[in-house]
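Structure first, then comments.
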Amino acid sequence: MNKNTVILLSKAKQSKAKQSKAKQSKAKQSKAKQSKAKQSLELRSLTNNSFKTFLITLLSLTLLFSISCSNEGTTGGEVNGGGSISVSEEANNSKDITVVSSSSSVYSAGTVGFSVSGASDYDVSIQSVDSGSNPLTLDASDFSYTKSTKELTLSSSGITKFKSATLTETTAYKYTITFKFADSSDASKETTANVTINLYKAKVITKTEIEDMIKSMKTVRVDDSSYKNVAQFTFSSTTFSANTPNFNASNIGSTEKNIKFSKSSGRIWTGEAIKETSNYKTYFSGLNIYHKEPLVVGANCTFYFRFTLKGGYALSSEVAHITSDGLSIQLKLSSVNSQGWE
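The opening position of the sequence shown corresponds to residue 1 in this note's numbering, with each subsequent residue numbered one higher.
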């Protein structure tokens with residue numbers, strides 16, 4: 001074997017050795033990849049199992065919470081007999097009770113309405129009364145409530161107690177009344193609702209206070225249709241009449257002939273003059289000038305103004321109509337000069 005042959009055989013062995021090492025390296029890499037893939041699958045499996053366990057736990061808790069809630073009553077109070085009643089006050093309740101001590105009578109009762117759900121029909125009664133620190137202590141029997149009219153007032157025993165109490169006029173004495181509601185067909189379904197009301201000893205307003213109010217009005221100025229002439233009316237010497245109109249005033253302004261003055265202007269400015277008086281601000285909280293359309297007879301126009309009393313006040317019988325039909329005020333133009341209204 002010559003030298004060249006030996007060299008070739010040596011190179012061939014080396015090449016085979018390299019190829020063997022390369023195969024072994026690839027085999028190791030393949031095993032490593034397979035190991036990583038196996039670990040990844042195991043991790044995914046573990047993650048999926050954990051997520052499934054979490055979902056099952058969450059669903060179980062949700063189901064338990066739903067069952068628990070279905071067994072609780074709705075807002076309103078105690079629940080018995082497998083059902084519930086929910087009660088809320090109506091929006092337009094008037095919770096003032098005003099009593100005239102001189103006549104020992106209720107001048108105005110409260111209006112307390114309720115919205116009740118969970119019962120096709122229900123019974124309502126006064127369960128208890130919290131008098132707080134008021135000088136007059138009242139209990140459930142001292143109040144009377146009528147479901148059909150929503151009227152809340154003092155009972156005869158309440159009025160008797162009121163007469164003997166020392167109370168201040170126009171002061172709001174607050175009482176919290178607990179009403180009890182029960183399903184008419186299932187007395188075990190019941191709830192309660194608390195309502196706070198104001199009880200007043202009334203200050204009575206007579207025709208004297210009303211007359212003083214009108215006499216203190218500023219001069220009322222009314223424009224004609226062209227805004228060139230102004231009729232003026234003063235009330236400082238006017239007096240109250242039980243008939244319509246209750247008050248009147250004559251024009252001391254423009255004497256122009258054959259002109260028309262605005263009814264709308266007369267109504268608005270007379271109303272504004274009333275609202276600026278001290279007595280109005282003391283006794284009243286509202287004035288409706290559109291309660292009734294003005295009445296024109298010749299050169300005279302009668303306007304009607306309906307008042308809203310503040311809490312704690314009452315009207316004597318001679319002026320009681322001003323909160324219903326309205327107070328009537330007549331403005332007189334000059335018939336001699338053929339003045340009129342439009």
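Ideal Cβ placement from N, Cα and C applies to all residues, glycine included.
Note that the coordinates shown come from a computational prediction; the quantities given were computed from them, not determined experimentally.
- Under the 8 Å Cβ criterion, the segment 214–223 does not count as touching the segment 283–291, having fewer than three qualifying pairs.
- At the C-beta level, residue 313 and residue 203 come within 7 Å of one another.
- Spatial neighbours of residue 209 in its own chain (CB-CB distance under 6 Å, excluding positions within 5 residues in sequence) are listed in chain order as 279.
- Listed in chain order, the non-local C-beta contacts of residue 296 below 6 Å within the same chain comprise 341, local neighbours out to five positions each way being set aside.
- Boundaries of the beta strand (DSSP E) harbouring residue 285: 284–288, taken from the DSSP string.
- Rounded to whole angstroms, the gap between the alpha carbons of residue 143 and residue 121 is 23 Å.
- For a cut-off of 8 Å, the C-beta gap from residue 331 to residue 233 is around 5 Å, short enough to register as a contact.
- Within 10 angstroms of the beta-carbon of residue 135 lie fewer than 16 other beta-carbons, which makes it exposed.
- According to DSSP, residue 267 shares a beta bridge with no other residue.
- The shortest CA-to-CA distance from residue 236 to any of 124, 218 and 228 is the one to 218.
- Only residues of its own chain outside the window of five on either side were considered, and among them 291, 292, 304, 305 and 306 have a CB closer than 7 Å to the CB of residue 326, listed in chain order.
- With fewer than 16 other CB atoms across the displayed protein chains lying within 10 angstroms of its CB, residue 243 is exposed.
- Inter-segment contact for the segment 188–206 and the segment 98–112 is present: three or more beta-carbon pairs are separated by less than 8 Å.
- Cα atoms of residue 146 and residue 123: separation of roughly 11 Å, rounded to the nearest angstrom.
- Excluding its 5 nearest sequence neighbours in each direction, residue 158 has C-beta neighbours in its own chain below 7 Å: 138, 142 and 143, listed in chain order.
- In the DSSP assignment, residue 293 falls outside any alpha helix (DSSP H) and carries neither an H nor an E.
- In the structure shown, residue 249 falls within a strand segment according to DSSP collapsed to helix, strand and coil.
- Pairing residue 251 with residue 334 gives a Cβ-Cβ distance under 7 Å.
- The beta-bridge partner set that DSSP reports for residue 330 consists of 248 and 302.
- Short of 8 Å from the beta carbon of residue 308, and not among the five residues preceding or following it, lie these beta carbons of its own chain, in chain order: 284, 285, 286, 287, 288 and 323.
- Taking C-beta atoms as the reference points, residue 245 and residue 329 count as a pair closer than 7 Å.
- In this chain, the beta strand (DSSP E) harbouring residue 151 covers 151–154.
- Between residue 316 and residue 170, the CB-CB gap reaches or exceeds 7 Å.
- Bounds of the beta strand (DSSP E) holding residue 176 are 173–183.
- Of the residues assessed, residue 276 falls on the exposed side of the cut-off, its CB having fewer than 16 other CB atoms within 10 angstroms.
- Close CB contacts of residue 302 within its chain, under the 6 Å cut and outside five residues either way in sequence, are with 245, 295, 328 and 330 (chain order).
- If you look at residue 98, you'll find it in the beta strand (DSSP E) that goes 96–100.
- Inclusion of residue 150 and residue 113 in the CB contact set at 7 Å is warranted, their separation being smaller than that value.
- Residue environment analysis places residue 109 among the buried positions, since at least 16 neighbouring C-beta atoms fall within 10 angstroms of its C-beta.
- Residue 254 holds the alpha-carbon nearest to the alpha-carbon of residue 336 among 254, 154, 95 and 318.
- The residue from 321, 270 and 172 with its alpha-carbon nearest to that of residue 216 is 270.
- Per the coordinates, the alpha-carbon of residue 177 lies some 29 Å from the alpha-carbon of residue 282.
- Looking at the DSSP output, residue 233 sits in a beta bridge with 220 and 251.
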